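Written out below as structure tokens is the structure these notes cover.
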Ligand SMILES: [Zn+2]
Ligand SMILES: [Zn+2]
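Residue numbers (the working numbering): 16 to 313.
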């Protein structure tokens with residue numbers, strides 16, 4: 016089964032074994048934001064033989080369709096990680112879990128708050144926010160974020176040598192998040208709204224307040240400030256995600272990040288390493304990113 020579709024990282028490494036430039040398996044980590052925004056979120060992450068989804072906020076069929084676009088058969092998935100109970104993060108989780116017998120890693124408060132949407136899971140694996148757990152090829156650290164949900168988390172995934180961070184749906188960034196994500200090589204980071212567009216847009220005041228509040232969503236400038244705080248030479252790729260279709264524009268999100276990188280270059284010279292910045296999309300699959308010096312696959 017694993018021979019069909021996108022080859023696993025482990026298989027890629029086996030094939031590279033004969034070559035002089037073979038990359039040890041734990042030096043590769045692949046991820047792809049399958050879609051992101053208020054209408055649905057799901058991200059594919061892979062290391063070794065382990066294939067995970069972080070959130071499953073589209074219908075099961077839609078997630079299967081998006082996985083197929085990157086050549087991943089859902090039968091080859093290993094498990095699901097859930098950040099919080101909002102529908103745009105869990106809509107398809109139970110159906111995928113049942114269809115493919117996937118363990119669902121979720122904290123107890125989120126599971127309780129999700130109610131019927133996450134009922135009858137074949138395997139729910141409770142984790143405790145702040146406590147690292149191991150699943151197959153990954154060490155996974157769920158850390159607290161600031162969002163209007165029961166016990167929302169971001170994740171730091173570690174395959175032994177590479178770190179991938181996932182941080183969306185947070186009204187503010189904290190020192191804890193900065194600490195957790197300060198050495199990651201790849202990062203999916205929320206870049207939700209532009210405050211002026213939010214203020215002048217169609218959202219009623221109460222909803223604006225929710226988005227902009229401390230337990231809402233992250234503004235472009237705050238995401239840029241966060242990137243500036245955690246920039247380091249090992250950071251290879253940042254995917255801007257959960258971009259509002261109403262209160263933001265992809266260009267504004269990218270400009271905020273470009274300014275951070277420009278400041279870095281002006282301090283350290285044009286040849287200093289800077290991460291690639293790409294965008295996650297609501298309606299289509301984003302780039303497949305391979306961390307570990309091999310660059311992007313497409
Ligand atoms: Zn969300
Ligand atoms: Zn949310």
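Where is the CB? At the ideal position from N, CA and C, for every residue including glycine.
Quick caveat, the model's predicted, so the values are computed rather than measured.
For a test of the three-state rule: what should DSSP assign to residue i, helix, strand or coil?
i, result
"residue 167", "coil"
"residue 58", "strand"
"residue 209", "coil"
"residue 154", "strand"
"residue 247", "coil"
"residue 304", "strand"
"residue 254", "strand"
"residue 122", "strand"
"residue 317", "Nothing can be reported for residue 317, as the shown portion of the chain is limited to 16 through 313."
"residue 220", "helix"
"residue 161", "coil"
"residue 288", "coil"
"residue 49", "strand"
"residue 137", "coil"
"residue 143", "coil"
"residue 87", "coil"
"residue 225", "helix"
"residue 278", "helix"
"residue 22", "coil"
"residue 116", "coil"
"residue 130", "helix"
"residue 102", "helix"
"residue 215", "helix"
"residue 264", "coil"
Would you say the beta carbon of residue i is closer than 7 angstroms to some non-hydrogen atom of ligand 2?
i, result
"residue 164", "yes"
"residue 101", "yes"
"residue 200", "no"
"residue 70", "no"
"residue 208", "no"
"residue 285", "no"
For residue i, write down the residues that DSSP places opposite it in a beta bridge.
i, result
"residue 295", "Bridge partners of residue 295: none, in fact."
"residue 179", "172, 201"
"residue 76", "Looking at the DSSP assignment, residue 76 forms no beta bridge with any residue, so it has no partner."
"residue 69", "58, 96"
"residue 44", "306"
"residue 148", "155"
"residue 234", "208"
Mind checking whether the beta-carbon of residue i lies closer than 7 angstroms to any heavy atom of ligand 1?
i, result
"residue 235", "no"
"residue 53", "yes"
"residue 194", "no"
"residue 296", "no"
"residue 156", "no"
"residue 257", "yes"
"residue 56", "yes"
"residue 104", "yes"
"residue 244", "no"
"residue 184", "yes"
Can you say whether residue i is buried or exposed, counting buried as having 16 or more other CB atoms within 10 angstroms of its CB?
i, result
"residue 101", "buried"
"residue 262", "buried"
"residue 147", "exposed"
"residue 180", "buried"
"residue 76", "exposed"
"residue 182", "buried"
"residue 206", "buried"
"residue 58", "buried"
"residue 45", "buried"
"residue 229", "exposed"
"residue 145", "exposed"
"residue 127", "exposed"
"residue 298", "exposed"
"residue 209", "buried"
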